[in-house]
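Undergrad: Quick one: the structure is below, questions incoming.
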Amino acid sequence: MGQNEPVPSLLLIEDDDAIRTALELSLTRQGHRVATAATGEDGLKLLREQRPDLIVLDVMLPGIDGFEVCRRIRRTDQLPIILLTARSDDIDVVVGLESGADDYVVKPVQGRVLDARIRAVLRRGEREANDAATFGNLVIDRAAMTVTKNGEDLQLTPTELRLLLELSRRPGQALSRQQLLRLVWEHDYLGDSRLVDACVQRLRAKVEDVPSSPTLIRTVRGVGYRLDVPQ
Amino acid sequence: MTTAQGGVRGWSATRTKVQSRIRFTSLRLRLVVVFGLVALTAAVSASGIAYWLNREAVQSRAQDAALNDFERELQSHVSTLHPNPSQDQLRITARKMADGGDRFGVLLIDEDADGRTVSGSSTDNALNGFSLKDVPASLRKAVNKRQKITSGNQHPYHVYWQRVIDGDTPYLVGGAKMIGGGPTAYMRKSMEKEAEDLNSLAWSLGIATGLSLIGSALLAQAAATTVLKPVQRLGVAARRLGEGKLDTRLRVSGTDELADLSRTFNLAAESLEKKVDDMSAREEASRRFVADMSHELRTPLTAITAVTEVLEEELDAETGSVDPMIEPAVRLVVSETRRLNDLVENLMEVTRFDAGTARLVLDDVDIADQITACIDARAWLDAVELDAERGIMANLDPRRLDVILANLIGNALKHGGSPVRVSVREGDKNDADLLIEVRDHGPGIPEDVLPHVFDRFYKASASRPRSEGSGLGLSIALENAHIHGGAITAANSPEGGAVFTLRLPRDAAPLIAREGDGEQGEGGTEDTEGDGQ
Chain S
0 MGQNEPVPSL LLIEDDDAIR TALELSLTRQ GHRVATAATG EDGLKLLREQ
50 RPDLIVLDVM LPGIDGFEVC RRIRRTDQLP IILLTARSDD IDVVVGLESG
100 ADDYVVKPVQ GRVLDARIRA VLRRGEREAN DAATFGNLVI DRAAMTVTKN
150 GEDLQLTPTE LRLLLELSRR PGQALSRQQL LRLVWEHDYL GDSRLVDACV
200 QRLRAKVEDV PSSPTLIRTV RGVGYRLDVP Q
Chain F
0 MTTAQGGVRG WSATRTKVQS RIRFTSLRLR LVVVFGLVAL TAAVSASGIA
50 YWLNREAVQS RAQDAALNDF ERELQSHVST LHPNPSQDQL RITARKMADG
100 GDRFGVLLID EDADGRTVSG SSTDNALNGF SLKDVPASLR KAVNKRQKIT
150 SGNQHPYHVY WQRVIDGDTP YLVGGAKMIG GGPTAYMRKS MEKEAEDLNS
200 LAWSLGIATG LSLIGSALLA QAAATTVLKP VQRLGVAARR LGEGKLDTRL
250 RVSGTDELAD LSRTFNLAAE SLEKKVDDMS AREEASRRFV ADMSHELRTP
300 LTAITAVTEV LEEELDAETG SVDPMIEPAV RLVVSETRRL NDLVENLMEV
350 TRFDAGTARL VLDDVDIADQ ITACIDARAW LDAVELDAER GIMANLDPRR
400 LDVILANLIG NALKHGGSPV RVSVREGDKN DADLLIEVRD HGPGIPEDVL
450 PHVFDRFYKA SASRPRSEGS GLGLSIALEN AHIHGGAITA ANSPEGGAVF
500 TLRLPRDAAP LIAREGDGEQ GEGGTEDTEG DGQ
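Listed in order, the protein sequences are those of chains S and F.
FYI, the numbering for the first sequence is 0 to 230, going by numbering that gives the first Met the number 0.
FYI, the numbering for the second sequence is 0 to 532, going by numbering that gives the first Met the number 0.
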């Protein structure tokens, strides 16, 4: 991220005072503008007022929990959401990813890891080569960073868009989950394949005609996923 | 010789088999035998005594009656007889005597006027006539013997009798000599009727004994059944209890010893169940405590971690904003926070395994790539030799594989020293498994430590410095291998150095399918799609 680019603004929703203060301090030092909220309701209010670039959301919140906040945000907004979760291997992660989160970080959070994740998610929205690709009734405009289906604009999160872009760059070629984790999430070798699966599910729900029997984004058993060019 | 031995062994084998098959019924058998013996003894002694008493009573009554008759007839008829009677007179008198009383034969013997011995019998025919030769010699002698007359014996002659068996027929033969001269008289009475009565009595007693034997056998059966059925139930219940079904209880009916036993069993099972429940509750409570505790520790730790990073950056930036006096303190806080983080992370991992909530997140990975990445991420590339071909794919949880590898290699580097050699081989059985061997070049593991290397917080020696890790690493590695359906073994290489061998199935997916885990994203995705291309 260049020095002259605008400082990304974050919204941190976390109920524990100490964690909130510490993370705010850490993230601010990493060069982010941080707004904080202690509850989901406050967070949703701040979201409307401040329009942050990204939300860091604790799962365990009093009142409406992190999943519900995530779902409510996704109804209207496609901005990236990173979950702060207690455990990496329990149902929390799956539910969080299904409710629309782009990534997750396990507590105790290391500031550097969180920062790296935030930057990786924010990079997904950056524009790249100026070309367009058509897959059946799906048109991916890489210049405008838009996807249209039957001429209609699809509301994709940056992560979903980046996943679709990476797949569309190699049509007909299977990409493993680990490859996709590196390309889209910029995770290291230990990326969680459930991120890919959850994102593919969400993407299918938006781009496929019948999400339960996909024709575009196909599963390649034992490998990963592949974007097919319809005949 | 050998064949004979084999034969004997074979025979004893079959015998033990047969014995074991009939062993259960042996109690029944014993009961039947004992009941039978008791019944037999009782019946035989009772009927024996009854028979002998009856026999004596019947015989002596018949005998007394016959002898009394004989005596009376003798007195009433012989007194009318002339001295020295003729054979005809004797015969007539004998007939009269025989007619008078009970049916018995009479034989009178006397001397006639010429001094010849004459005899007259009430029955003359040749077949069953009563003649002198039917009278035993001992009886004749006794009858004709003249007794001394004493105060206790006022008569020179008495009535004598003897039982004889002629052919199959029992007879009572009696005789008397008239005092003061006169004929010698004998009587013979058939005791056939009495014998028949006694025979039929014996028969009925025998039949009664037989019936009582049968009855006792049936009773024994019934008793055995009533005793053995609860015993059998008890056996089944005990087996169930042994199999871990601690809620096994017996229905208690009655107040006998078996009911007591059942009640005791129920009480034992109940207290056992309670104890096990208590223990598991306590274990559950302590597990929950550790889980909650590590969970609770994490919240402040998250805050501290975030802040210590700030402190660390401040130190590294060398802006001089940190007092040099304070710097060691800050560094200590930073490093110890990291250690505390690891410890809490490991504790959480352990509690997840203990609670059985640990889950696999499977992915298809290249093992060689994964190992390289693991080594690379920890800057161990210089210290580790990797002997693995790329292209060995496995469906497993990459994060857990990383935890295992990091712990095994880290342990090898710490205790064994470099170079650590990591080699990947395919398993023996149908390459369904893969083996990853981590070998160091250190002194190896002492034999007494070897069984404990995977124990939690096990320190090989008390003198070992505390800073060598959380003490949970190898235990967590092992648990991670187990959850994949694999294993880790520790051994010492003959060429020196310790060898840890990790065995993992190449596809852990069936394991998850067996657990019926709905959480697993990949399987679910593929199932709902149904795009088998």
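Glycine included, each C-beta is placed from N, C-alpha and C at the ideal position.
1) With contact counted as at least three CB pairs below 8 Å, one residue from each stretch, are the stretch 11-26 of chain S and the stretch 71-79 of chain S in contact?
2) What number of angstroms, rounded off, separates the C-alpha of Asp447/F from the C-alpha of Thr488/F?
3) Alpha carbon to alpha carbon, how far is Gln177/S from Ser417/F? Give it in angstroms, no decimals.
4) What in chain S is Cβ-close to Thr298/F, meaning under 8 Å?
5) Take Pro107/S as the anchor and find which of Val43/F, Ala280/F, Asn340/F, Ser150/F has the nearest alpha-carbon.
6) Along chain F, in chain order, which residues have C-beta atoms closer than 8 Å to that of Asp191/S?
7) Express the C-alpha separation of Leu83/S and Arg193/S in angstroms, rounding to a whole number.
8) For Ala85/S, go through chain F and note every residue whose CB falls closer than 8 Å to its CB, in chain order.
9) With a 10 Å radius around its C-beta and 16 neighbouring C-beta atoms as the bar for buried, classify Trp184/S as buried or exposed.
10) So, Leu131/F versus Ile108/F, is the Cβ gap smaller than 9 Å?
11) Compare the C-beta of Met0/S against all C-beta atoms of chain F and say whether one is closer than 9 Å.
12) Out of curiosity, what's the CA-to-CA distance linking Gly190/S and Asn265/F?
13) State the Cα-Cα distance for the pair Glu478/F and Ala290/F, rounded to the nearest angstrom.
14) How would you label Phe288/F, buried or exposed, when you count the other beta carbons within 10 angstroms and need 16 or more for buried?
15) Closer than 8 Å by C-beta to Trp160/F: which residues in its own chain qualify, once you throw out the five before and the five after it? Chain order, please.
16) Can a CB atom of chain F be found closer than 9 Å to the CB of Pro5/S?
17) Where does the unbroken alpha helix (DSSP H) through Glu185/S begin, and where does it stop?
18) Between the C-alpha atoms of Arg122/S and Met144/S, what's the straight-line distance to the nearest angstrom?
19) Going straight from the alpha carbon of Gly517/F to that of Ala221/F, what length do you get?
20) Any chance you could list the alpha helix (DSSP H) runs of at least 4 consecutive residues sitting entirely within the stretch 85-148 of chain S, in chain order?
21) Closer than 9 Å by beta-carbon distance: list the chain F residues that pair up with Tyr188/S, in chain order.
22) Spell out whether any CB of chain F is found under 9 Å from the CB atom of Arg28/S.
23) According to DSSP, is Ser466/F part of a helix, a strand, or is it coil?
24) Give a yes or no on whether 9 Å exceeds the smallest Cβ distance from Leu121/S to chain F.
25) State yes or no: is the beta carbon of Ile511/F nearer than 9 Å to at least one beta carbon in chain S?
26) According to DSSP, is Ser189/F helix, strand or coil?
27) Given that Ala405/F touches chain S, what residues does it touch there, using C-beta distances under 8 Å?
28) Expressed to the nearest angstrom, what Euclidean distance is found between the alpha-carbon atoms of Gly150/S and Ala131/S?
29) Using beta carbons (cut-off 9 Å, strictly below), is Ala34/S in contact with chain F?
30) Measuring alpha carbon to alpha carbon, tell me which residue in Gln29/S, Pro61/S, Val105/S, Leu53/S is nearest Asp41/S.
31) Between Arg27/F and the ligand NAD, is there a pair consisting of the residue's CB and a ligand heavy atom that are separated by less than 8 Å?
32) Would you check if the distance between the CB atom of Phe34/F and the CB atom of Ser252/F is smaller than 9 Å?
33) Of the choices Pro82/F, Leu503/F, Ser121/F, whose alpha-carbon is the least far from that of Arg115/F?
34) For Thr301/F and Ile81/S, I'd like the C-alpha separation in whole angstroms.
35) For Ile403/F, tell me which candidate among Phe453/F, Ala64/F, Val329/F has the shortest Cα-Cα distance.
36) With 8 Å as the limit, tell me which residues of the stretch 307-341 of chain F have their beta carbon closer than that to any beta carbon of chain S; keep them in chain order.
TA: Short version:
1) Verdict: no, contact absent.
2) Distance between the alpha carbons of Asp447/F and Thr488/F is about 15 Å.
3) Within the model, the alpha-carbon separation for Ser417/F versus Gln177/S is close to 30 Å.
4) Ordered by position in chain S, the residues that pass the 8 Å Cβ test against Thr298/F are Asp15, Ala17, Ile18, Lys106.
5) Of the candidates Val43/F, Ala280/F, Asn340/F, Ser150/F, the one whose C-alpha sits nearest the C-alpha of Pro107/S is Asn340/F.
6) Within chain F, the residues near Asp191/S are Val360, Arg398.
7) The alpha-carbon atoms of Arg193/S and Leu83/S are separated by roughly 16 Å.
8) Within 8 Å Cβ-Cβ: His294, Arg297.
9) With 16 or more Cβ atoms within 10 Å of its Cβ, Trp184/S is classed as buried.
10) Yes. Within cutoff.
11) Unreliable positioning characterises Met0/S in this predicted model, as indicated by a pLDDT of 45, which lies under 50. A coordinate reading is not provided.
12) If you take the alpha carbons of Gly190/S and Asn265/F, they lie about 55 Å apart.
13) Their backbone Cα atoms lie some 17 Å apart in a straight line.
14) Counting the other CB atoms within 10 Å of its CB gives Phe288/F a total below 16, which places it among the exposed residues.
15) Taken in chain order, the residues that qualify are Gln62, Leu66, Leu138, Leu171, Val172, Gly173, Gly174.
16) With 9 Å as the cut-off, Pro5/S does not count as an interface residue toward chain F.
17) No alpha helix (DSSP H) holds Glu185/S; DSSP gives it neither H nor E.
18) So the alpha carbons of these two residues sit roughly 13 Å apart.
19) Because the pLDDT at Gly517/F is just 41, under 50, the model does not fix this residue reliably, and the value given afterwards should be weighed accordingly. When rounded, the distance between both Cα atoms is 56 Å.
20) Within the stretch 85-148 of chain S, the complete alpha helix (DSSP H) runs of at least 4 residues fall at 90-97, 110-122.
21) The answer, in chain order, is Val364, Asp368, Gln369, Thr371, Ala372, Cys373, Asp375, Ala376, Pro397, Asp401.
22) Cβ-Cβ to chain F under 9 Å: yes for Arg28/S.
23) Caution applies to Ser466/F, whose pLDDT of 48 falls short of 50 and renders its modelled position unreliable; the value that the coordinates give is listed next. Correct three-state label for Ser466/F: coil.
24) Between Leu121/S and chain F, the shortest Cβ-Cβ separation is not below 9 Å.
25) No, its Cβ sits nowhere closer than 9 Å to a Cβ of chain S.
26) The answer is strand: DSSP assigns Ser189/F an E or B state.
27) The premise fails here: Ala405/F is roughly 10 Å from chain S at the closest Cβ pair, so nothing lies under 8 Å.
28) Roughly 14 Å separates the two Cα atoms.
29) Not closer than 9 Å to any Cβ of chain F, the Cβ of Ala34/S fails to qualify, so no.
30) With distances taken between Cα atoms, Asp41/S lies closest to Pro61/S.
31) No copy of the ligand NAD appears in this structure; indeed no ligand is present at all.
32) In this structure, Ser252/F does not lie closer than 9 Å to Phe34/F by Cβ.
33) Considering only alpha carbons, the answer is Pro82/F.
34) When only Cα atoms are considered, Thr301/F and Ile81/S end up about 16 Å apart.
35) Checked all of Phe453/F, Ala64/F, Val329/F; the closest Cα to Ile403/F is Phe453/F.
36) Residues passing the 8 Å Cβ filter: Glu308, Val309, Glu312, Asn340.
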